[in-house]
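Residue numbers (this note's numbering), protein chains in the order written: chain U, 22 to 917; chain H, -3 to 263. The block underneath contains the structure these notes are about, expressed in structure tokens.
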């Protein structure tokens, strides 16, 4: 019996007993509701067939009570269901799919193994259209008024992947504003736009009809040049937005928390991870529509806030393991034990396991071999330890699954037997054999023997390696005393750690000192006063203002940073460092800025409004120009915050002087998420939005109006009216770009961290590790990472604190034994290894025999690139040495 | 690619059984010598798998290094008469199990079509083996000569074909460096012998040093460190070095002593 596979959007089918999806954790089979027994009380075949009696069809839901000190709500989101709006014809026309459906179609684990096929005729669609903002930015019934924040970029990803599948495919995106506001997104947008056969069309659309024979779908749209037209597509993808989690109200009621008007969690504006109920935190998309990096910020941040409450209990439930003393077997002849795992039926049904055991016994140095039903089961693991001791084994090979899953567990069996864990070797005969050669039992058995032989050969050459425990200095250094740095420092200090907080300026506050309130109405200066107060009052936070770092040395757990500050010269020792140095504002050279004092930046406008400058407030007309100094060749990124900054200023001026004419000249309004409501409010208050194209920028000149009054004349092409407009302004505000701090390069060099192409700091992984660097023990938050709003900065600051705590909570960090080592005799001092190492782990050391390379094992990540580059074989990656790998290559040939 | 292979397993994607995998932590770890050894052992094909370009798992982009090594090795294969299609590099992410299965099937099919190594190229198996072993001895020399190119980052596949040319490889092997210590100039100072990374220099106090050409990896360290006032080491490009002095005649007779005894000459 087959049922629609829910993970694959019901596009394909599977059985009632199945694994949810290939990367599921835990990777185990389960029985879903389509089970015949559960529905109709019959069948029970699986129960009889399972050798381990693992199936219990009488299980019922149980209620368990758990006492906890804090709760994190991360229920995620619900994709918008386009069925609620009939005009999308979803479910009605076979070839209208949602972006979630399309995501599965693209996936190699999807319904057609990564082939993009139309369900109507199983053919490859050639002409594909994406319709943006489905369910988002809509005030019609059923839609959401907010922007879902992620759809522009995911649709671009779809296009790129589609073109990779089929270079001939024609892809059309029907869109409103393109909101590529995230890090690297502007480049991604540009890359998509420049692909051949890709069209971006700025138009509303309607789905008109389906061809009864071909099942192609027609879309009606309009362009300024061609007017309204209809076009047929093979497939239409609806870029559906993000709804709040399905049972947000139930959840809110259960936990006694409040929701906002859009039914997402109501957040504390100065701590977006906090709900209105102390001890209950929120992370991820329940905060509001959110992309992956921001979800990770808040996830790590929520853990840090729990830590602030529960730090006194940290480690209470942890138990330390003790191992027997390690025997030195390096001088002994190899005595190898081979354990071949049946993995239930996973291996045993295909591979003749007893035959492989017999074969293993014929291999050189193998003194013992046996089979096991499940090598990873607790009793089997203990058996490996016991036999290792009993038979005096000094190397163990387990032939089972991928080392990527269970290697640590098996290494442990050796440690338990008093043998160095690096004497363990794994032969992958499941993922690389029985699972992929299910129908070729004989060949699979032969291949299992080959793989075991190769592993045994390698095992002969393994050596004992020491993982070393590096002590961790429990102090943190935070570089930068803005909102990011201060929040991060406080969260770390609230968990019992000393924090040195460095600020280059004489005052704390950073960029926020120039901001008076947020779009949502937070009084930033009051917040800043409160935050600064907390910093100075905290006994564990030590502030250094006027600070300049003169030297930074050391490595994870053990950094030494020399600082010159108003306190004099200090040498600070710390285990972790957070880079929160913020960013600067671009000083425009465009639009008469600097030449005419009626042209100011958006931040200067905010300052003038806060000062109550009457000339500004009483101006008859104001023109705001967006994207000044970015989204261009020099700075190919979006500064993310300027659209809402301009709308904030416009709304405030409309409040003070409703008669003022305000124009915002923009390229794309990027008021993502809930900011969209303010964009709509500004439009309803008669703020006029005029879109311009980068190749046809607005022109500004000093002029006089009809009454002879001096004005600034702005000439801009209005693409909706299709003509040039002349706007006479008393004042022009420029949305100047956020640019990397002038100190960025210097700080990057000091802490040996890297920069992105745009000059901001480069995180370890843009999606998955957005608050860490590739360099261990160094973390990142705030504008130094990329422009962002205050709540996002606070999220990330707590996120960085969370990561710092995972380091500082331990007394030691373990450095892998598989690092590079130099045989000085062989080193000719050519420096090829130093050039190949991106971690700065190798240096020259002067010796009497000339300069020699030396590896700092703490910085080495064990990729072995230097090993392959070394001409003389002087440097080798331990555990993957030439000898070890060549022995595998030689053994691959077999007994011919 | 190891991850993609694991995923192919988890997804139960069936593929042909001939391929055996050796795990490295980065495709850039695969040494030119490994590929040569595999072919020398009689393997019919070698596939190297790495992360997608610009999607490095580390921050080193070692997959570019692997690519360059493969491009170089293909030319070397041509040089010895092997079909370069027996060596392939593929880039894939850990989530592309299906691509892994496809690649294995496709590559094995291709290698099968090419037929058994050496035989189908019309070369003698043992001849090939000894030729590959000779080239393996030159790996140090190749790495030194082509070091910069091996670490370059090629922008697009159009550059791949032209990156290393047959002429370049031919001249690389034509002009192989050898180092020779001129007996007349050697002062038996031991500096080169001490500094030789592979202990290929024979000689002791008052014994004229001789390079064991079998052991020598052609790194040129001896040339670099031989004191300028002696200048005893000479580089030969593409030509054999003179035979070494017979062992019995290597004792240096110092000039002062020479005058006194007026016997013998250094040569």
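For glycine and all other residues, C-beta sits at the position ideal for the given N, C-alpha and C. A quick note: this is a predicted structure, and the numbers were derived from the prediction, not measured.
Are the C-beta atoms of residue i and some chain H residue less than 8 angstroms apart?
{"i": "residue 892/U", "result": "yes"}
{"i": "residue 102/U", "result": "no"}
{"i": "residue 841/U", "result": "no"}
{"i": "residue 425/U", "result": "yes"}
{"i": "residue 145/U", "result": "no"}
{"i": "residue 464/U", "result": "yes"}
{"i": "residue 460/U", "result": "yes"}
{"i": "residue 773/U", "result": "no"}
{"i": "residue 910/U", "result": "yes"}
{"i": "residue 468/U", "result": "yes"}
{"i": "residue 38/U", "result": "no"}
{"i": "residue 213/U", "result": "no"}
Can you tell me which of the options puts its alpha carbon nearest to the alpha carbon of residue i?
{"i": "residue 300/U", "options": "206/U, 122/U, 329/U", "result": "329/U"}
{"i": "residue 845/U", "options": "874/U, 832/U, 206/U", "result": "874/U"}
{"i": "residue 438/U", "options": "367/U, 343/U, 396/U", "result": "343/U"}
{"i": "residue 914/U", "options": "471/U, 405/U, 323/U", "result": "471/U"}
{"i": "residue 935/U", "options": "8/H, 12/H, 21/H", "result": "No answer is possible for residue 935/U: the residues shown for chain U start at 22 and end at 917."}
{"i": "residue 715/U", "options": "647/U, 666/U, 232/U, 773/U", "result": "647/U"}
{"i": "residue 316/U", "options": "817/U, 897/U, 863/U", "result": "817/U"}
{"i": "residue 815/U", "options": "368/U, 603/U, 352/U, 88/U", "result": "603/U"}
{"i": "residue 6/H", "options": "350/U, 453/U, 627/U, 91/U", "result": "453/U"}
{"i": "residue 766/U", "options": "217/U, 169/U, 782/U", "result": "782/U"}
{"i": "residue 566/U", "options": "354/U, 528/U, 219/U, 264/U", "result": "528/U"}
Of all Cβ atoms in chain U, is any one closer than 8 angstroms to the Cβ of residue i?
{"i": "residue 194/H", "result": "yes"}
{"i": "residue 215/H", "result": "yes"}
{"i": "residue 132/H", "result": "no"}
{"i": "residue 190/H", "result": "yes"}
{"i": "residue 94/H", "result": "yes"}
{"i": "residue 116/H", "result": "no"}
{"i": "residue 60/H", "result": "no"}
{"i": "residue 37/H", "result": "yes"}
Can you look up residue i in the DSSP assignment and give me helix, strand or coil?
{"i": "residue 163/H", "result": "helix"}
{"i": "residue 207/U", "result": "helix"}
{"i": "residue 420/U", "result": "strand"}
{"i": "residue 531/U", "result": "helix"}
{"i": "residue 829/U", "result": "helix"}
{"i": "residue 215/H", "result": "coil"}
{"i": "residue 779/U", "result": "coil"}
{"i": "residue 132/H", "result": "helix"}
{"i": "residue 443/U", "result": "helix"}
{"i": "residue 326/U", "result": "helix"}
From the DSSP output, read off the bridge partner residues of residue i.
{"i": "residue 92/U", "result": "301/U"}
{"i": "residue 9/U", "result": "Since the displayed chain U opens at 22 and closes at 917, residue 9/U lies outside it and no answer follows."}
{"i": "residue 562/U", "result": "520/U"}
{"i": "residue 151/U", "result": "194/U, 258/U"}
{"i": "residue 749/U", "result": "734/U"}
{"i": "residue 240/U", "result": "228/U, 252/U"}
Between residue i and residue j, what straight-line distance do the alpha-carbon atoms span, to the nearest angstrom?
{"i": "residue 256/H", "j": "residue 243/H", "result": "Note that residue 256/H scores a pLDDT of 49, beneath 50, so its modelled location is shaky; the value from the coordinates is reported in the next line. C-alpha separation (whole angstroms): 25 angstroms."}
{"i": "residue 284/U", "j": "residue 290/U", "result": "16 angstroms"}
{"i": "residue 340/U", "j": "residue 433/U", "result": "16 angstroms"}
{"i": "residue 26/H", "j": "residue 98/H", "result": "22 angstroms"}
{"i": "residue 912/U", "j": "residue 901/U", "result": "16 angstroms"}
{"i": "residue 10/H", "j": "residue 239/H", "result": "58 angstroms"}
{"i": "residue 499/U", "j": "residue 121/U", "result": "41 angstroms"}
{"i": "residue 696/U", "j": "residue 750/U", "result": "26 angstroms"}
{"i": "residue 31/U", "j": "residue 857/U", "result": "48 angstroms"}
{"i": "residue 679/U", "j": "residue 630/U", "result": "14 angstroms"}
{"i": "residue 44/H", "j": "residue 104/H", "result": "13 angstroms"}
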